Amino acid sequence: MLFSSFEFILLFFPLTLLVYRIIKRFENQQLAICWIVLASLFYYGWWNPKYLFIIITSILVNYGISRFMMKAEKQKKLLLVAAILFNLGLLCYFKYSAFFMSNLGMDHAAIDYLKKLALPLGISFFTFQQLAFIFDAYKGIVKEHDFPRYMLFVTFFPQLIAGPIVHHKQMMPQFNSDKEPENFAANFSVGICTFILGLFKKVVIADALSIFVTELYGNIAAGGTPGFYLAWIGILAYTFQLYFDFSGYSDMALGIAKCFGIDLPINFLSPYKSKSIIEFWRRWHITLSTFLRDYLYIPLGGNRKGTYMRYQNLMITMLLGGLWHGAGWTFVIWGGLHGLYLMINHAWSKLNINPSGKFASTSLLIFYQALTFLAVMLAWVFFRSPDLETTMMILTSLVDINSVELTKFRKAPEVLYFAIIISFFMPNVFEFVKEKFSYTLDVPKGLVKSNRLTLGYNIIYMLFFVALVIGAIHGMVSSNKAEFLYYDF
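Positions in the sequence shown are counted from 1; adding 44 to them yields the working numbering.
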């Protein structure tokens, strides 16, 4: 049941919200929480009921460990180790065991069995979210005695499958009130508008771009050589498909949660406008970047032990961040590339090159932005490709000047131009609706521009959203529908 499916939009979501509001009218918050938990488990089990056993087991074990932590001060460190081993063990068994065993040359029958195991939806997300809770509980930052509330923290359906990764202290205090919020109409209207923006990004832009990505990789799978044009169009299409697909999901998640009166943290801030790789990781998948920084990079030592250790910690963090996305050497290399990019970026920033003159300064910033985008795009080749052979074939085709036919670029898909214009020149969804949200995640002010296109209530905005809805419906009934890309992670 995708966010972009008719059964979700017309049945599951309105019914869940309606019953929640009715319960809130009776000022019974505990019953309201139990209702959302049940609805969330139904939503999760819709894909495959077998997944429910895994997520419920994970919740029971982590909740039990956190409760013991609150009572047994002397055993806290041992309990922390047990929680880490359990969570990483669960994740490794389903996601990485076949990868590790195949690289160690172990029994092929066992590897084939493990490869056939269905990867539980969202396992990377709900595992990391619970690990963050365990770490915070160990430090005494958070406590949760109520089991239904802990269940809600993990299973809240808007962010259950693909994030954003939420901290307990960010979300759960918003569920404390028994009373129905007085501003339901305002929350609902803003939530629906945010959802529509995300839906449009997914079904109109991302799904349309997927055709050209499939064409590129289908050509290679069939034994063909893509050539200069197909390689560039395919990788550009994937670069924007991934952004509009994942950010569209995040926008829909924020919009759905807002209808319940809950503000989730922002996950994207126009990442392709970045003028450095450092800035890119402050704009792309922000909640994952924050998790990796707080629970991996800083505990490793961060930048406190000199330049060499800083670079080492950056590389370890990004390699593991790459592996988090998938069990394959292409993901590891993707993470390693970004680790290398960050090392070069930090070294370059120490040179403190600031040209004088407005023209020179502007030109340098444009160059930085173009270079950053190119570096990110080339790394996406590794991220998307099923193996290194495919990756090298695409990279070779990108520089194959013998197959250049510039006239073909005149026929480049219109949706690609549309995606480029939105990504580089239009305000992002957060800038559009930021006045209507009180985000629990601090957003760096320097990355958010003020603009005149803030959400309002008049005939122009009404027509704008009607047009988006019409476009979204057309996209939903088309033959290009696809699952969200991050469901695989």
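From the three backbone atoms N, C-alpha and C, an ideal C-beta is built for every residue, glycine too.
As the structure is a computational prediction, the values presented were derived from the model and not from experiment.
Closest by C-alpha distance to residue i, when choosing among the options
i: Thr-238; options: Gly-379, Val-477 and Met-520; result: Val-477
i: Ile-80; options: Gly-133, Phe-200 and Gly-184; result: Phe-200
i: Ile-322; options: Ala-206, Asn-92 and Leu-415; result: Leu-415
i: Val-513; options: Ile-209, Ile-236, Ile-66 and Ala-206; result: Ile-236
i: Tyr-341; options: Trp-328, Ile-300, Gly-383 and Ala-301; result: Gly-383
i: Leu-386; options: Phe-411, Ile-410 and Arg-326; result: Arg-326
i: Glu-117; options: Phe-144, Leu-85, Phe-86 and Lys-183; result: Lys-183
i: Gly-442; options: Leu-54, Ala-275 and Leu-395; result: The residue asked about is misnamed: residue 442 is Leu in this sequence, not Gly. Ranking the options by Cα distance to Leu-442, first place goes to Ala-275.
i: Lys-452; options: Asn-357, Ile-277 and Tyr-412; result: Ile-277
i: Tyr-137; options: Pro-202, Pro-164, Lys-121 and Phe-86; result: Pro-164
i: Thr-101; options: Lys-319, Leu-367 and Phe-130; result: Phe-130
i: Val-425; options: Gly-292, Gly-267, Phe-462 and Leu-260; result: Leu-260
i: Pro-217; options: Ile-240, Gln-203 and Arg-193; result: Arg-193
i: Ser-467; options: Ser-407, Val-376, Ser-314 and Tyr-412; result: Ser-314
i: Leu-132; options: Arg-337, Tyr-95, Asn-106 and Ala-301; result: Asn-106
i: Tyr-339; options: Phe-324, Trp-328, Leu-358 and Gly-350; result: Leu-358
i: His-189; options: Ile-128, Ile-109 and Tyr-316; result: Ile-109
i: Glu-475; options: Asp-295, Ser-84, Phe-143 and Ile-517; result: Asp-295
i: Phe-290; options: Ala-206, Gly-365 and Phe-219; result: Ala-206
i: Leu-286; options: Thr-258, Gly-299 and Leu-148; result: Thr-258
i: Ile-410; options: Phe-143, Lys-319 and Leu-298; result: Lys-319
i: Thr-440; options: Ile-279, Arg-348 and Pro-343; result: Ile-279
i: Ser-84; options: Lys-94, Val-198, Leu-124 and Lys-187; result: Val-198
i: Gln-203; options: Gln-119, Leu-395, Gly-299 and Phe-324; result: Gly-299
Burial state of residue i (16 or more Cβ within 10 Å)
i: Met-113; result: buried
i: Tyr-64; result: buried
i: Asn-389; result: buried
i: Ser-168; result: buried
i: Cys-303; result: buried
i: Pro-208; result: buried
i: Leu-418; result: exposed
i: Ala-229; result: exposed
i: Phe-528; result: buried
i: Asn-472; result: buried
i: Ala-391; result: exposed
i: Ser-393; result: exposed
i: Val-521; result: exposed
i: Thr-60; result: buried
i: Asp-431; result: exposed
i: Gln-72; result: Position check: residue 72 holds Asn in this sequence, whereas Gln was assumed. Its Cβ having fewer than 16 others within 10 Å, Asn-72 is exposed.
i: Ala-371; result: buried
i: Ile-445; result: exposed
i: Tyr-352; result: exposed
i: Thr-361; result: buried
i: Thr-374; result: buried
i: Ser-141; result: buried
i: Ser-333; result: buried
i: Phe-97; result: exposed
i: His-212; result: buried
i: Gly-345; result: exposed
i: Ile-504; result: exposed
i: Arg-354; result: buried
Same chain only: Cβ atoms within 7 Å of residue i, ignoring 5 sequence neighbours per side
i: Ile-264; result: Pro-270, Thr-434 and Met-437
i: Met-195; result: Val-81 and Ile-103
i: Ser-48; result: Leu-243, Lys-246, Val-247 and Met-520
i: Ala-463; result: Ile-249, Leu-253, Phe-284 and Phe-288
Cβ-based neighbour list, residue i, same chain, cut-off 8 Å, excluding 5 preceding and 5 following
i: Ile-67; result: Leu-75, Ala-76 and Trp-79
i: Met-45; result: Glu-51, Phe-52, Phe-56, Tyr-87, Trp-90 and Trp-91
i: Leu-135; result: Ile-167, Ser-168 and Thr-171
i: Leu-367; result: Tyr-140, Phe-375, Val-376 and Gly-379
i: Phe-191; result: Tyr-107
Cβ shell of residue i (< 6 Å), same chain only, five flanking positions each side left out
i: Ile-330; result: Asn-311
i: Val-448; result: Phe-272
i: Met-470; result: none
i: Phe-288; result: Lys-245, Ile-249 and Ala-250
i: Leu-35; result: Residue 35 is absent from the structure shown; the chain starts at 45 and stops at 533.
CB contact below 7 Å: residue i versus chain D
i: Val-81; result: The chain inventory of the structure shown lacks chain D, comprising one protein chain alone.
_Those runs of the alpha helix (DSSP H) which lie wholly inside the stretch 216-281 and span at least 4 residues_ = 228-244 and 251-265
*Where are the alpha helix (DSSP H) runs, 4 residues long or more, that stay fully inside the stretch 339-403, in chain order?*
Whole alpha helix (DSSP H) segments, 4+ residues: 351-369 and 373-393.
_Report the start-end ranges of each alpha helix (DSSP H) in the stretch 408-458 that is 4 residues or longer and not cut off at the edges._
At a cut-off of 4 residues, the continuous stretches assigned as alpha helix (DSSP H) that sit fully inside the stretch 408-458 are 432-442.
*Of all the alpha helix (DSSP H) runs that stay within the bounds of the stretch 91-175, which reach a length of 4 or more residues?*
94-115, 120-135, 141-147 and 152-160
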